[in-house]
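Novice: Residues 2 to 278 (the numbering used here) make up the sequence shown, in order. Handing you this structure, nothing more for now.
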Amino acid sequence: MTKNSPNDQFRASSFMQCHNAEYLEQMYARYANDPQAVDEAWQGFFEAMGDEEASVKHEASGPSWSRTDWPPIPEDDLTLALTGEWSNDVEIKGAHDKILAKAEDNGVTVSADQIKRAVLDSIRALMIIRAFRIRGHLVANLDPLGMRNPIPHPELDPKSYGFTETDMDRPIFIDKVLGLEVATMREILDIVKRTYCGTFALQYMHISNPEEAGWLKERIEGLGKEIQFTREGRKAILNKMVEAEGFEKFLHVKYMGTKRFGLDGGESLIPAMEQII
Numbered sequence: 002m003t004k005n006s007p008n009d010q011f012r013a014s015s016f017m018q019c020h021n022a023e024y025l026e027q028m029y030a031r032y033a034n035d036p037q038a039v040d041e042a043w044q045g046f047f048e049a050m051g052d053e054e055a056s057v058k059h060e061a062s063g064p065s066w067s068r069t070d071w072p073p074i075p076e077d078d079l080t081l082a083l084t085g086e087w088s089n090d091v092e093i094k095g096a097h098d099k100i101l102a103k104a105e106d107n108g109v110t111v112s113a114d115q116i117k118r119a120v121l122d123s124i125r126a127l128m129i130i131r132a133f134r135i136r137g138h139l140v141a142n143l144d145p146l147g148m149r150n151p152i153p154h155p156e157l158d159p160k161s162y163g164f165t166e167t168d169m170d171r172p173i174f175i176d177k178v179l180g181l182e183v184a185t186m187r188e189i190l191d192i193v194k195r196t197y198c199g200t201f202a203l204q205y206m207h208i209s210n211p212e213e214a215g216w217l218k219e220r221i222e223g224l225g226k227e228i229q230f231t232r233e234g235r236k237a238i239l240n241k242m243v244e245a246e247g248f249e250k251f252l253h254v255k256y257m258g259t260k261r262f263g264l265d266g267g268e269s270l271i272p273a274m275e276q277i278i
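Here it is as structure tokens:
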């Protein structure tokens, strides 16, 4: 009879170290529910333990105080819009009801499949708009010399939401978002790109106060709300920025070594404050 060396014994049992406890418990739970759900090697290992069937099932069921309905399975419109799975026992409200009411007001008869398609389009369009509100500044046009290659963001690509080129001109119900009741995906992208990805990029979704965030949204979103400056206005803004930069350099030379706060990166605040005041 050969005796295994300590090294051989360690290699044979090293997977049972304490740092693998969670993984072992997961494998044991899968084995307890269905022995065929684990590899044959694990089946042989757990069978060799000789645990009673009742004990194994009790271990798989978890503690007596655990909740069997947790974590919950989301069945909201946004989740269903992403998966495309619409359950018959889920009451679809919101966009579904408004689209149906709109069709009835216009005397148009629509099928269940058409309603489903319209609801999916509406919810996914709203998700794209929200993505531009959050991420649009990441692709803002801040490189006037064109020296950098733009980095695409999947969250801002309509293909990530199921829209292809053939879908770009299909009317979508967006319920007054962007100031429009119905718009095509091409029109939606044109508005949000001008608003959040232009040379003057905006980002306000970090504001926790809903009234403040809502005020900014109503001010900047929609047709005809793009910020336009006259030639004289642009010259005035440039003049104030030059004055601010020059004054900062004067302070640096006149009071060298004195603790103060710089204006680097915030030069545009000066003309903005003057306009506000």
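Backbone N, C-alpha and C fix where the C-beta goes; we use that ideal spot for every residue, glycine too.
Taking contact to mean at least 3 C-beta pairs separated by less than 8 Å, is the region 194–201 in contact with the region 133–152?
Specialist: Flag = yes, the region 194–201 and the region 133–152 touch.
Novice: Need the endpoints of the alpha helix (DSSP H) that W66 sits in, please.
Specialist: Neither: W66 is in no alpha helix (DSSP H) and is coded neither H nor E.
Novice: Who does R184 pair with in a DSSP beta bridge?
Specialist: The residue asked about is misnamed: residue 184 is Ala in this sequence, not Arg. In DSSP, A184 forms a bridge with I173.
Novice: Report yes if the C-beta distance between I175 and M186 is below 8 Å; otherwise report no.
Specialist: Not a contact, by the Cβ cut-off of 8 Å.
Novice: What number of angstroms, rounded off, separates the C-alpha of G266 from the C-alpha of R149?
Specialist: Rounded to the nearest angstrom, the two C-alpha atoms are 19 Å apart.
Novice: How would you label L48, buried or exposed, when you count the other beta carbons within 10 angstroms and need 16 or more for buried?
Specialist: According to the sequence provided, residue 48 is Glu. The question's Leu does not apply to it. Answer is exposed; the Cβ neighbour count stays below 16.
Novice: Is the Cβ of G258 closer than 8 Å to any Cβ of chain C?
Specialist: Among the chains of the structure shown, chain C does not appear; only one protein chain is present.
Novice: With 16 other CB atoms within 10 Å as the buried threshold, where does V91 fall?
Specialist: Unreliable positioning characterises V91 in this predicted model, as indicated by a pLDDT of 39, which lies under 50. The coordinate reading is nonetheless provided below. Burial call: exposed.
Novice: State yes or no: is the C-beta of L264 within less than 8 Å of the C-beta of E249?
Specialist: Cβ distance < 8 Å, so L264 and E249 count as in contact.
Novice: Could you tell me the alpha carbon to alpha carbon distance between F230 and I238, rounded to whole angstroms?
Specialist: Those two C-alpha atoms are separated by around 10 Å.
Novice: Count the other CB atoms within 10 Å of the CB of Y32; is the residue buried (16 or more) or exposed (fewer)?
Specialist: Classification for Y32: buried.
Novice: Measuring straight from C-alpha to C-alpha, what distance separates D40 and L25?
Specialist: The straight-line gap from Cα to Cα measures roughly 13 Å.
Novice: Let's test the definition: count the other Cβ atoms within 10 Å of the Cβ of V178 and tell me whether it reaches 16, buried, or not, exposed.
Specialist: Burial call: buried.
Novice: Work out the CA separation of D170 and H253 for me, nearest whole Å.
Specialist: Distance between the alpha carbons of H253 and D170: 56 Å.
Novice: Since I believe P159 is in contact with I129 (beta carbons under 8 Å), could you give me their beta-carbon distance rounded to a whole number of angstroms?
Specialist: Correct: roughly 6 Å between the Cβ atoms.
Novice: Can you give me the C-alpha to C-alpha distance between Y29 and E23, rounded to a whole angstrom?
Specialist: Rounded to whole angstroms, Y29 to E23 spans 10 Å at the Cα level.
Novice: Would a C-beta distance cut-off of 8 Å place L157 and I192 closer than the cut-off?
Specialist: No, Cβ-Cβ distance for L157 and I192 is not below 8 Å.
Novice: Could you check the C-alpha separation between E182 and A119 for me, to the nearest Å?
Specialist: Taking the straight line from one Cα to the other gives about 13 Å.
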